[in-house]
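Here is the structure we will look at, set down as structure tokens.
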């Protein structure tokens, strides 16, 4: 199935500035996606920690992604 | 000797709005003055605590007052 | 820089903020006291503040000394108002700037806590049916 | 009232202060973050902030929820800036009003500490010879 990936901060520099569509097996949870990303973009291994958001909420590894979901890669935040 | 007394807040309501000159024995320290004041103005017994300042600094009971000193009666402060 | 004043005109938060701005600051904490419409459930109409001004400035200066020595603040601004204040008006503003924010919070809180204990300023609550000097009686 | 905004224009301390004024308030605490001219001894030229805005607003809303539940605050105003900021400019302002001052200090400090941990905003330090995404690397 296809999912839409959006990235910010250093994650955007790694996967590129545009939204990218990623083809993943179904079912796929956030933990699976993390492993896939690290294979596609080994740079992520150097990042302190990566979180993911779906529908504007943080989601844990067990969260099931659905076809068409917009998944946002959240590198370590540093606001303020 | 003569000392000048100045009061603020509730102390001013007790001794009156004007500076008052008080005749005290020499030597006289702050502790002595406190006892004299309570005799002259028994209302001070009802006040939570009274402090005294000489030359814009708090002074303790043992502080010796000199002729002409300006002694300020400091009832409990409540700024802010 | 220290900007310590007792004023009989309305206080301004922006002024105190502006007095502590610094390119080396990472954080500014501003405390603004405001006159509440009630105390212990009793409706307050106004507050009247008076101060022994020269000593108040001196005691506030001692607070500023401690902020520098203990928290290494960059700047502090303390403005206290005197006179009769209406509900919502501002009796006191304290602004502190520091390189890191934690120190600014601690220093600002120390400053207002200490001001209320040591600075010769007195507050009279004005109710519908009388007045009370705050903290005067046990 | 909660006034939560992500803005690409300069922030204003007075605005956040004014948003939390209340006749039942006894204290207002305002935290103002400012861009420091150096980090770990290295000279900073500018900071660039970006945000995943809808989620940032949602996460700041969760902070406001906690301030209400845990500290019973009256009002909160949180403004965060995005874009490129010069030294001395303001990335974030948090203002909180409460009936008693202690709660305002605690709530404001919780808010900025939590914002820095949970709100999807990223900061890039711009040095003379390169840029660094803050906290990105171990």
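Chains as they are written, first to last, in the working numbering: chain C, 238 to 317; chain E, 238 to 317; chain L, 952 to 1089; chain X, 952 to 1089.
Note that the Cβ used here is the ideal one computed from N, Cα and C, for glycine as well.
message: Please tell me whether residue 1040/X has its Cβ less than 8 angstroms away from any Cβ of chain C.
response: By this cut-off, residue 1040/X is not an interface position.
- prompt: Does the distance from the CB of residue 1026/L to the CB of residue 970/L come in under 8 angstroms?
  reply: yes
- prompt: What are the residues of the region 977-990 of chain X that lie near chain L, defined by any Cβ-Cβ distance shorter than 7 angstroms?
  reply: Closer than 7 angstroms at the C-beta level to chain L, one finds these residues of the region 977-990 of chain X: 977, 978, 979, 980, 981, 982, 983, 984, 985, 987 and 988.
- prompt: Which chain L residues are close to residue 1026/X, counting only those with a beta carbon under 8 angstroms from its beta carbon?
  reply: Near residue 1026/X there are no residues of chain L at all, since even the closest Cβ is about 12 angstroms away, more than 8 angstroms.
message: Between the alpha carbons of residue 293/C and residue 281/C, how many angstroms are there, rounded?
response: 21 angstroms
query: Helix, strand or coil: which one does DSSP assign to residue 306/E?
result: coil
query: What separation, rounded to the nearest whole angstrom, lies between the Cα atoms of residue 246/C and residue 310/C?
result: 9 angstroms
- prompt: Going by alpha carbons, who is nearest to residue 1042/L out of 1054/L, 1063/L, 1052/L and 977/L?
  reply: Cα-wise, what sits closest to residue 1042/L is 1063/L.
task: Compare the C-beta of residue 1072/X with all C-beta atoms of chain L and state if any pair is closer than 8 angstroms.
output: no
field: Same chain, Cβ closer than 8 angstroms to residue 299/E, five either side skipped, listed in chain order
entry: So the qualifying residues of the chain are 266, 267 and 268.
task: Let me know the alpha helix (DSSP H) ranges lying completely inside the region 263-289 of chain C, each 4 residues or longer, listed in chain order.
output: 267-277
query: Thinking C-alpha only, which one of 1012/L, 1035/L, 1086/L and 1016/L is nearest residue 960/L?
result: Minimum Cα distance to residue 960/L is reached at 1035/L.
Chain E contact for residue 995/L (CB, 8 angstroms cutoff): no
message: List, from N- to C-terminal side, the beta strand (DSSP E) runs of 3 residues or more that fit wholly inside the region 982-1064 of chain L.
response: 997-1002, 1026-1032, 1034-1037 and 1043-1049
Proximity of residue 1049/X and residue 1022/X at Cβ, strictly below 8 angstroms: yes
task: Hey, could you find the ends of the beta strand (DSSP E) residue 261/C is sitting in?
output: Premise fails: residue 261/C is in no beta strand (DSSP E) and is neither H nor E.
message: Taking 8 angstroms as the threshold (beta carbon to beta carbon), is residue 961/X in contact with chain L?
response: no
- prompt: In chain E, which residues lie with their C-beta within 8 angstroms of the C-beta of residue 1086/L?
  reply: 285, 313, 314 and 315
query: Going along the chain, which residues of its own chain have a beta-carbon closer than 6 angstroms to the beta-carbon of residue 1029/X, five neighbours each way excluded?
result: 955, 1011 and 1045
- request: Return the residues of the region 1046-1066 of chain X that lie within a Cβ-Cβ distance of less than 8 angstroms from chain C, sorted by chain order.
  value: 1063 and 1066
For residue 293/C, the three-state DSSP class (helix, strand or coil): The three-state reading of DSSP puts residue 293/C in coil, since its state is none of H, G, I, E or B.
Outcome for residue 274/C when other beta-carbon atoms lying within 10 angstroms are tallied against a minimum of 16: Taking all protein chains in view, the Cβ of residue 274/C is crowded by 16 or more other Cβ atoms within 10 Å, so the residue is classified as buried.
- prompt: So what's residue 969/X in DSSP terms, helix, strand or just coil?
  reply: helix
Collapsed DSSP secondary structure at residue 1076/L in the structure displayed: strand
message: If the criterion is Cβ atoms closer than 8 angstroms, does the pair residue 988/L and residue 1007/X meet it?
response: no
Boundaries of the beta strand (DSSP E) in which residue 244/E is found, first to last residue: 239-244
task: For residue 276/E, count neighbouring C-beta atoms within 10 Å of its own C-beta (all shown protein chains included) and say buried if the count is 16 or more, exposed if not.
output: exposed
- prompt: Going by the beta-carbon positions, is the gap between residue 291/E and residue 284/E smaller than 8 angstroms?
  reply: no
message: Looking at residue 983/X: is its Cβ nearer than 8 angstroms to the Cβ of residue 981/L?
response: yes
task: Report buried or exposed for residue 977/L, applying the criterion of at least 16 other Cβ atoms within 10 angstroms of its Cβ.
output: It counts as buried.
query: Just the Cα atoms here: how many angstroms apart are residue 957/L and residue 968/X?
result: 21 angstroms
query: Applying a beta-carbon distance threshold of less than 7 angstroms, which residues of chain L neighbour residue 956/X?
result: Per Cβ cutoff of 7 angstroms: no residues; residue 956/X is ~19 angstroms from chain L at best.
query: From residue 1069/X to residue 316/E, what distance separates their C-alpha atoms?
result: 38 angstroms
- prompt: For residue 958/L, which of helix, strand or coil comes out of DSSP?
  reply: strand
field: Nearest-angstrom Cβ-Cβ length linking residue 279/E and residue 1087/L, presumed shorter than 8 angstroms
entry: The pair is not a contact, with the Cβ atoms about 15 angstroms apart (cut-off 8 angstroms).
field: Span separating the alpha-carbon of residue 1075/L from that of residue 990/L
entry: 12 angstroms
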